[in-house]
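In what follows, a structure is listed as structure tokens, so that the remarks can point back to it.
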Amino acid sequence: MNAALQCLSHTTALTVHFLTNAYQTDLNSDNVLGTGGKLATQYALLLKELWLGTASSVSPGPLKRAIGTFAPQFSGYQQHDAQELLAFLLDGLHEDVNRITNKPYVEAVDSNGTEPDAAVAATAWQNHLLRNASVFVDTLHGQFKSTVVCPHCAKVSITFDPFNCVQLELPHAVTRPLE
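As structure tokens, this is what we get:
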């Protein structure tokens, strides 16, 4: 939990948004995909303790309880994958401050390779923005390009999908004997 919170806490644009209470303007407590604003509120309180408080140490207990309420897999004190927690926090906080209150149905966009990638990517991004608008989108969201080629008919399918977190595999260390 500490690693995920430290990463988020040191993302300047997000931290300023919460420390200045700008998040309250965006709070979308009716969003069924969010937590009714509870996660965003507890996160803001924790950031204020971390950055503006005078205590030499800070306990994220209230935020941890809020996380456990909406993601029971993180309740208790067993160890969890930091990336999984970070993904939950990014999604939950985004939905709590998502400025889109009525999300329209949007058809997925794909291409067979005949259209310019830039045009397909722009359309996919605009569709993403029809359903998602927050400081998290502005700061962290991007797009992956996926290309699939059918091995039987050689049909090409190109899609552009949004992401808010990129998982990277760390290479295994190669050990060599000392000479």
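Residue 17 is where the sequence shown starts when you use the numbering used here, and the numbers rise one by one after that.
We treat Cβ as the ideally placed atom computed from N, Cα and C, and that holds for glycine.
Remember, predicted model here, so these are calculated numbers, not experimental data.
Own chain partners of residue i with C-beta closer than 6 Å, once the 5 adjacent residues on each side are dropped
i    : result
V165 : V172
F160 : D177 and F179
K119 : R147
Residue i, enclosing alpha helix (DSSP H) - first and last residue
i    : result
S25  : N18 to S25
K80  : G77 to F86
Q99  : A98 to D112
V153 : V151 to L156
R147 : D133 to R147
Residue closest to residue i, alpha-carbon to alpha-carbon, out of the options
i    : options                   : result
L35  : E65, Q183 and Y93         : E65
T155 : V32, L21, A20 and M17     : V32
N128 : S25, L62 and C169         : C169
P49  : L105, G158, E131 and L194 : The residue you asked about is not Pro; residue 49 is Leu in the sequence shown. The shortest C-alpha separation from L49 is found at L105.
A103 : P193, H157, Y93 and T163  : H157
Run of the beta strand (DSSP E) containing residue i, from where it starts to where it stops
i    : result
I174 : V172 to F179
Cross-strand partners of residue i (DSSP beta bridge)
i    : result
T163 : I174
S127 : I174
Whole-angstrom C-beta distance between residue j and residue i, which should lie under 8 Å
i    : j    : result
L79  : L62  : 5 Å
V153 : H110 : 7 Å
F86  : G108 : 6 Å
V125 : V113 : Actually they do not touch by this definition, with Cβ atoms about 26 Å apart.
A20  : L101 : 5 Å
heavy atom of the ligand SAM below 8 Å from residue i C-beta
i   : result
T28 : Because no ligand of any kind appears in the structure shown, any question about the ligand SAM cannot be addressed here.
Spatial neighbours of residue i in its chain, beta-carbon cut-off 8 Å, leaving aside the 5 residues before and after
i    : result
R115 : D42, N44, A149 and S150
W141 : Q159, F176 and P178
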